[in-house]
Amino acid sequence: MIRNVVLGRIDPNATEEVRFGLDAGLLGLAGMRPAGLVGPMRIGFDAGLREGGWSFAITNDWVDAAAYQAYDTDREHGEFRALIGAACSELARVQFETPDVPPDDHDPALPTDPEPLGL
Numbered sequence: 001m002i003r004n005v006v007l008g009r010i011d012p013n014a015t016e017e018v019r020f021g022l023d024a025g026l027l028g029l030a031g032m033r034p035a036g037l038v039g040p041m042r043i044g045f046d047a048g049l050r051e052g053g054w055s056f057a058i059t060n061d062w063v064d065a066a067a068y069q070a071y072d073t074d075r076e077h078g079e080f081r082a083l084i085g086a087a088c089s090e091l092a093r094v095q096f097e098t099p100d101v102p103p104d105d106h107d108p109a110l111p112t113d114p115e116p117l118g119l
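In UniProt numbering, the protein residues as written are 1 to 119.
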């Protein structure tokens, strides 16, 4: 499985119109259901629990690299991405491979001890 993570910092000088475009872009992404998407797209604004965080995050999971690459080059996705990018001073992206673990199963990378990890 391929996990895609995008972080954005909203430009403090972005106009109200550009910020409206950000909302439209994020809502548009959230509504997409492209082939190969595993589960929902997750989109959220920073909860402000630590200083210096990014403004928002987008995460989504894909059955494989080909499914992610098809989404990455999709025209509709590109239109939403342009709206989001116009409102940001910075964007960071990473795609990484994860074990194929059903969402309700135990993650094999974590200890089986039920005690909290304390992270």
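Backbone N, C-alpha and C define an ideal beta-carbon position, used for all residues, glycine too. Note that the structure is predicted; figures quoted are calculated from it, not measured.
Length at least 4, wholly inside the UniProt domain "Stress-response A/B barrel" (2-96): the alpha helix (DSSP H) runs in chain order
16-31, 65-72, 75-86
Quick check on the burial criterion: 16 or more other C-beta atoms within 10 angstroms. Buried or exposed for A66? Along the sequence shown, one-based indexing puts residue 66 at 66. For A66, the number of other beta carbons within 10 angstroms of its own is below 16, and it is reported as exposed.
task: Taking 8 angstroms as the threshold, find out whether the stretch 14-24 comes into contact with the stretch 32-48 through three or more Cβ pairs.
output: no
**Prompt:** Does the distance from the CB of I2 to the CB of D72 come in under 8 angstroms?
**Reply:** To locate residue 2, count along the sequence shown from 1; it is residue 2. To locate residue 72, count along the sequence shown from 1; it is residue 72. No, Cβ-Cβ distance for I2 and D72 is not below 8 angstroms.
Nearest-angstrom Cα separation, counted from G8 out to A86
Sequence index remark: in the sequence shown, residue 86 carries index 86 (1-based). Sequence index remark: in the sequence shown, residue 8 carries index 8 (1-based). Cα-Cα distance, rounded: 11 angstroms.
As a quick exercise: from N4, L29, P12, L22, pick the residue whose alpha carbon is nearest that of H77. As a working note, residue 77 is residue 77 in the sequence shown. Per the Cα distances, L29.
Inter-residue Cα distance where the pair is L119 and S55 = Start at 1 with the first residue of the sequence shown, and residue 119 comes out as number 119. Start at 1 with the first residue of the sequence shown, and residue 55 comes out as number 55. Note that L119 scores 47 on pLDDT, short of 50, meaning its location in the model is unreliable; the coordinates nonetheless yield the value given after this. Rounded to the nearest angstrom, the two C-alpha atoms are 22 angstroms apart.
Proximity below 8 angstroms, CB of R93 to CB of V6: Here the question's residue 93 lines up with position 93 in the sequence shown. Here the question's residue 6 lines up with position 6 in the sequence shown. Closer than 8 angstroms, so yes.
| query | Among D61, L49, L83, which has the Cα closest to the Cα of R42? | reply | For the purposes of this step, residue 42 is identified with residue 42 of the sequence shown, where counting begins at 1. Taking only the C-alpha atoms, the option nearest R42 is D61.
(Q) Let me check understanding here. Comparing Cα to Cα, which of N13, L26, L49, A47 lies closest to T59? (A) Start at 1 with the first residue of the sequence shown, and residue 59 comes out as number 59. Nearest C-alpha to T59: L26.
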